[in-house]
Ligand SMILES: NC(=O)c1ccc[n+]([C@@H]2O[C@H](COP(=O)([O-])OP(=O)(O)OC[C@H]3O[C@@H](n4cnc5c(N)ncnc54)[C@H](O)[C@@H]3O)[C@@H](O)[C@H]2O)c1
Ligand SMILES: NC(=O)c1ccc[n+]([C@@H]2O[C@H](COP(=O)([O-])OP(=O)(O)OC[C@H]3O[C@@H](n4cnc5c(N)ncnc54)[C@H](O)[C@@H]3O)[C@@H](O)[C@H]2O)c1
């Protein structure tokens, strides 16, 4: 079995940092610390791959090593298909992954092409070489919880608690994100091994099988204004109705069980894990029916907690839809997390900005952390995140940092990092990028673009323009994907990564690219009619020809 | 009613030729000589528009007039949404039209967004500002017939004849294209006014209601080796079986009735036009049934003619499918025109290359015609086309020329035109572009990518990469559309236009862009396993990293 790990240090194996960077980031995506199943080239998110197969991987590496600074490599669903003459300000790599003509954009058709070796699922940051491990999900969840605090509690979460379910792959980030944001959390999880895993990594503080004790811990923490997270072994469809019964309400209520997959993702009330495993084989229809009935009870309890004052939202697991199908007519009375908390950020171009130190030296990241605090002195949540992240998040692969910043800050930060490279303050160049899930780069009507003000949820002109603009501006690599996050047929999205190598040429590109990219998100939201975005566009002096019509 | 016509001559109303060019070409698309319904901004192909509405049109013009040479305008479904800082080698305009997230990519959803003013149908060259009138369809049909002659008759069509049906909007180009390619043609058309229209424009030579006389004209022409086109007033579903009965076979057999639309597009055997009109209101189901039954007879006759030796093919009107549904099991025994005749051209990057003279002076086009003949001395079909086009095709709007040339010629021609601008031989710059229907720029499984060798018909990574590459190389404007030609859900495709303004900078861009674009088509076909493309790639020295694996 091959073990891939990006080279560290300042010695180049490619012709320049502009080609060394994609090389290292491709390898970093396959680092065993980063990738879920590196032997299959799977980085994260089911079957999100970094390259189509090992032969393609080797050939990409080979091409990047020889690629000139006026050449561009084309990657088609993880396969290096061509090298073309461009110019120094053009991207070095252009990537298109998993794109299918709409009428054929299904998992069936994709899987067939995948089996035949003709395609690859790129997810969002797997096939575009800018995944940085679980820091991303912790930060995204933190950011959501901070917004919850801002919207409902004047920005102060102390003494407040969140009730949720599910401590799985993504949901396991909830307790750490909650305590970072100042909330206590009660997380109901039916699988003890999931609770234990989060205890071990320090993401979760306590475990119990006793609801009374759990509530006591939360109450105690509330009094002391010292947030605690508690994993309660139990079933949401039992625990939530019980809380309603007892008249106990959290301040915030959400859920991250895998409700989107009623066969495998949600344990029906009253069932044991073993029982469910068995019945999944012998009676899958029965499992689905039982799970959906339990979800209906679960959602009814959430609705009641909402009526009693809890800030309640769907965390993208489709549980409202399931309950609706089981007859809970009011299921959609609580909102999805994007329209409720994330969209106002997107309106200012705020999203999952991130960077990685090509040197491999954690000090390079700590220095950039300090630089961010220096350049954005007035954002306590951001400072808090940086401090907590340094303390509690282990780097996976190349040291990297994620933090949600917007139009007014991204280019400033990128230019500052570039100067730090130039001055020698950082040991080597950094790459700067973001998730495809961002302000101007995604059309995904069941998630990022759910319920747009003007009904333009499904219009995917925007992410395509975003990719063209990043290419025109001179990002180092640009990607266009389909199906990330929500699966085949349901999203189109674009990515970019740009190298800060300390040169003046890079500074010019950074100034354009890291401005235009979030600006295109502000533009998209201003066009949809969001006032925050229109105000932001005016304040930042964007040139949007139809803004006033 | 506003009448738009592009400015002619050398005086600029915008800041440079790089912005004057999209300005004039946008206007040219709306020239009454060019556009089908200019008052609604409809250029061609149903509702293919040049801009979303008149306000958007005015604003685009306004922006182009002030746009700097380091700025880029973004157009989203015909609306100018933003201006961003880029650099002189970046495109001046980036366009995304009609793109929808696949699950929502239907006419219903599109029409709703369109009604609400949120989208626009861009077709292929309407929303991307490089439609040049009916010359395109004549040339495409000519090219197909020339390939038929090459494949079946050693390149010599003389004394041979084509049997077809339909002289409508597109089909009316058949007789002119046939005689240009050296074939005689018998075209069966049930609507006399359609025949008369083609006589008037000189596209058709003769009209008759008598099959015997028609066959006599064709036979006479064959003997004299002087091709003639004859419009026969009749019904294909009657005339073709009659020919079979009599034992008369053409050399080539195809059809361009509107069989794709059995309600409105195909007259059932034995019916009058008036009768059909009436029954469409009173009994639409009955019309569809009768039309499809007639199509079945029509296709059975085509199959029999094929068995008797006629080169028979479907011209993209879906008549095989209709016959299949009526029980003609062998309907797909004759091929579609793309796999049969066009794909081999695509394998060498050959496709609908075109250019327009911004001066408005026809002499500028005639000079480029001569230059093409000088630079490509060894292609008699091309010379023939250029001579015939000059003689028989009227310019619509700005003088323009289309001719199918491939990888080995496009950049050479572009650079030569640029030199002619530089030297003053041409009065003003020319723009150079192509249809979206081209070698590397479209994924359309029911037409351009039907039956790809490796089954990759629906993979749309390729047109997306094509657009990104044209952007990286420095085309003047680049477009990404959805649904052109075959409708919502069924295609994704990219376009580019580049200005030859006589500068050295333009020459560099032309060298890259007009090489990379057809090269990406050769790459796409080489990747799918076509030997012609693989050979072409090797001969032309393309750098395709996985070509030999
Ligand atoms: N919108 C977003 O951005 C976003 C982000 C992360 C996750 N999600 C969604 O959140 C959900 C969780 O994701 P994940 O990766 O953590 O999934 P996962 O399958 O790894 O974890 C789900 C957890 O829920 C537990 N569970 C199932 N039924 C339960 C019940 N009745 N009571 C208590 N616990 C129960 C399971 O034991 C498991 O640990 C998914 O639906 C995912 O799509 C959405
Ligand atoms: N694949 C391609 O690139 C391509 C290009 C052009 C056209 N087409 C297809 O070709 C077809 C024709 O296109 P169009 O724009 O010319 O359509 P159109 O509707 O303008 O013309 C169709 C003509 O067929 C005649 N007709 C109908 N039924 C007949 C019958 N039974 N016998 C004789 N004549 C009959 C009609 O009177 C009409 O003049 C369409 O299906 C179109 O989609 C495909």
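Residue numbers (my numbering), protein chains in the order written: chain A, -3 to 545; chain B, -3 to 545.
Backbone N, C-alpha and C fix where the C-beta goes; we use that ideal spot for every residue, glycine too.
Endpoints, the alpha helix (DSSP H) within which residue 154 of chain A is located | Along the first chain, one-based indexing puts residue 154 of chain A at 158. Where residue 154 of chain A is concerned, there is no enclosing alpha helix (DSSP H), given that its DSSP letter is neither H nor E.
Under the assumption that residue 294 of chain B contacts residue 232 of chain B (Cβ atoms under 8 Å), give the Cβ distance between them as a whole number of angstroms.
-> As a position in the second chain, residue 294 of chain B is number 298, starting the count at 1. As a position in the second chain, residue 232 of chain B is number 236, starting the count at 1. With 8 Å as the limit, residue 294 of chain B and residue 232 of chain B qualify as a contact, their Cβ atoms being about 5 Å apart.
At a Cβ cut of 9 Å, what residues of the region 43 to 64 of chain A count as close to chain B, listed as they run along the chain?
-> Listed by position along the chain: 51, 52, 55, 56, 58, 59.
Residue 204 of chain B - partner residues in DSSP beta bridges = Looking up residue 204 of chain B in the second chain gives position 208. In DSSP, residue 204 of chain B forms a bridge with B/228.
In the DSSP assignment, find the unbroken alpha helix (DSSP H) run with residue 319 of chain B in it and report its ends.
-> What you label residue 319 of chain B is simply residue 323 of the second chain in a count that begins at 1. Unbroken alpha helix (DSSP H) run through residue 319 of chain B: 315 to 321.
Got a sec: is the Cβ-Cβ distance from residue 304 of chain B to anything in chain A below 9 Å?
-> One-based indexing of the second chain puts residue 304 of chain B at position 308. Taking Cβ atoms only, chain A never reaches closer than 9 Å to residue 304 of chain B, which makes this a no.
List the residues that DSSP assigns as beta-bridge partners of residue 572 of chain B.
-> Chain B is shown only over -3 to 545; residue 572 of chain B falls outside these bounds and no answer can be derived.
Chain-ordered chain A contacts of residue 426 of chain B [CB-CB under 7 Å] = Along the second chain, read from residue 1 onward, the residue named residue 426 of chain B stands at position 430. Simply none; closest approach about 23 Å.
Is the region 247 to 261 of chain A in contact with the region 154 to 165 of chain A, if contact means three or more CB pairs nearer than 8 Å?
-> yes
Indicate whether at least one CB of chain B lies closer than 9 Å to the CB of residue 339 of chain A.
-> On the first chain, position 343 is the one that residue 339 of chain A refers to. So, not an interface residue.
Residues of its chain near residue 511 of chain B, where Cβ-Cβ distance is below 6 Å and the 5 sequence neighbours each way are ignored | Counting from one through the second chain, the residue named residue 511 of chain B turns up at place 515. Same-chain partners within the cutoff: 407.
Measure from the C-beta of residue 85 of chain B to each C-beta in chain A and report whether the shortest distance is under 9 Å.
-> One-based indexing of the second chain puts residue 85 of chain B at position 89. Yes, contact with chain A.
For ligand 2, is there a heavy atom less than 8 Å away from the beta-carbon of residue 62 of chain A?
-> One-based indexing of the first chain puts residue 62 of chain A at position 66. Answer for residue 62 of chain A: no, Cβ out of range of ligand 2.
Roughly how many angstroms lie between the CA atoms of residue 437 of chain A and residue 86 of chain A, to the nearest whole one?
-> Walking along the first chain from the start, residue 437 of chain A turns up at place 441. Walking along the first chain from the start, residue 86 of chain A turns up at place 90. Looking at the two C-alpha atoms, the distance is approximately 19 Å.
Given 8 Å as the limit, is there contact between the region 237 to 251 of chain A and the region 217 to 224 of chain A, that is, 3 or more CB pairs closer than that?
-> no
Beta-carbon proximity list for residue 52 of chain A, same chain, < 8 Å, skipping 5 on both sides | Position 56 of the first chain, counting from 1, holds the residue named residue 52 of chain A. So the qualifying residues of the chain are 74, 75, 76.
So which residues of chain A does residue 468 of chain B contact, with C-beta pairs closer than 7 Å?
-> As a working mapping, residue 468 of chain B is identified with position 472 in the second chain. Within chain A, the residues near residue 468 of chain B are 68, 82, 86, 87, 90, 467.
Have a look at residue 30 of chain B and residue 261 of chain B and give me their C-alpha separation to the nearest angstrom.
-> Counting from one through the second chain, the residue named residue 30 of chain B turns up at place 34. Counting from one through the second chain, the residue named residue 261 of chain B turns up at place 265. Going from the Cα of residue 30 of chain B to the Cα of residue 261 of chain B covers about 24 Å.
Expressed to the nearest angstrom, what Euclidean distance is found between the alpha-carbon atoms of residue 448 of chain A and residue 524 of chain A?
-> What you label residue 448 of chain A is simply residue 452 of the first chain in a count that begins at 1. What you label residue 524 of chain A is simply residue 528 of the first chain in a count that begins at 1. When only Cα atoms are considered, residue 448 of chain A and residue 524 of chain A end up about 7 Å apart.
Can a CB atom of chain A be found closer than 9 Å to the CB of residue 107 of chain B?
-> Counting from one through the second chain, the residue named residue 107 of chain B turns up at place 111. Not one chain A Cβ lies under 9 Å of residue 107 of chain B.
Could you check how far apart the C-beta atoms of residue 2 of chain A and residue 394 of chain A are, in whole angstroms? I think they sit under 8 Å.
-> For the purposes of this step, residue 2 of chain A is identified with residue 6 of the first chain, where counting begins at 1. For the purposes of this step, residue 394 of chain A is identified with residue 398 of the first chain, where counting begins at 1. Indeed they touch by this definition, with Cβ atoms about 6 Å apart.
Looking at the structure shown, is residue 30 of chain A part of a helix, part of a strand, or coil, going by DSSP?
-> The residue given as residue 30 of chain A occupies position 34 in the first chain. Three-state result, residue 30 of chain A: coil.
Can you tell which of B/104, B/326, B/299, B/426 has its C-alpha closest to the C-alpha of residue 493 of chain B?
-> By 1-based counting over the second chain, the position of residue 493 of chain B is 497. The residue with the shortest Cα to Cα distance from residue 493 of chain B is B/426.
Residue 484 of chain A lies in the beta strand (DSSP E); which residues open and close that run?
-> Walking along the first chain from the start, residue 484 of chain A turns up at place 488. Counting along the chain, residue 484 of chain A falls outside any beta strand (DSSP E), and DSSP gives it neither H nor E.
Sequence-distant residues of its chain with Cβ nearer than 6 Å to residue 518 of chain B (five each side left out) | The residue given as residue 518 of chain B occupies position 522 in the second chain. The answer, listed in chain order, is 345, 403, 529, 532, 533.
To which residues does DSSP link residue 45 of chain A through a beta bridge?
-> The count along the first chain starts at 1 and reaches residue 45 of chain A at position 49. According to DSSP, residue 45 of chain A bridges with A/38.
State the CB to CB distance for the pair residue 320 of chain B and residue 411 of chain B, rounded to an integer number of angstroms; the pair is presumed to be in contact (CB under 8 Å).
-> Taking the second chain and counting its residues from 1, one reaches residue 320 of chain B at position 324. Taking the second chain and counting its residues from 1, one reaches residue 411 of chain B at position 415. At roughly 48 Å, the Cβ-Cβ gap does not stay under 8 Å, so residue 320 of chain B and residue 411 of chain B are not in contact.
Given a threshold of 16 other Cβ atoms within 10 Å of its Cβ, counted over all protein chains shown, does residue 9 of chain A qualify as buried or as exposed?
-> As a working mapping, residue 9 of chain A is identified with position 13 in the first chain. Result: exposed.
Applying a beta-carbon distance threshold of less than 9 Å, which residues of chain A neighbour residue 414 of chain B?
-> Residue 414 of chain B sits at position 418 when you count from the first residue of the second chain. Within 9 Å Cβ-Cβ: nothing; residue 414 of chain B doesn't reach chain A, min ~17 Å.
For residue 455 of chain A, I'd like the list of residues in its chain whose CB is within less than 7 Å of its CB, leaving aside the five on either flank, ordered along the chain.
-> Reading the first chain from its first residue, position 459 is the one you call residue 455 of chain A. Leaving aside the five residues that flank residue 455 of chain A on each side, the residues in its chain whose CB is nearer than 7 Å to its CB run, in chain order, 439.
Flag residue 73 of chain A as yes if its beta-carbon sits less than 9 Å from any beta-carbon of chain B, otherwise no.
-> Here residue 73 of chain A is taken as the residue at index 77 of the first chain, counted from 1. By this cut-off, residue 73 of chain A is an interface position.
So is residue 100 of chain A in contact with chain B if we call contact Cβ pairs under 9 Å?
-> Along the first chain, read from residue 1 onward, the residue named residue 100 of chain A stands at position 104. It does; some Cβ of chain B falls within 9 Å.
Mind checking which residues open and close the alpha helix (DSSP H) that includes residue 413 of chain A?
-> As a working note, residue 413 of chain A is residue 417 in the first chain. Residue 413 of chain A -> alpha helix (DSSP H) spans 403 to 419.
Compute every distance between the C-beta of residue 316 of chain B and the non-hydrogen atoms of ligand 2, then say whether any falls below 8 Å.
-> Sequence index remark: in the second chain, residue 316 of chain B carries index 320 (1-based). No, the beta carbon of residue 316 of chain B sits no closer than 8 Å to any heavy atom of ligand 2.
Is the shortest distance between the beta-carbon of residue 335 of chain A and the beta-carbons of chain B less than 9 Å?
-> Locating residue 335 of chain A in the first chain gives position 339, where the first residue counts as 1. It does not; no Cβ of chain B falls within 9 Å.
Considering only residues of the same chain and omitting the five flanking positions on each side of residue 134 of chain B, which have a CB-CB separation below 7 Å?
-> Position 138 of the second chain, counted from the start, is the residue given in the question as residue 134 of chain B. 169, 172, 173, 389, listed in sequence order.
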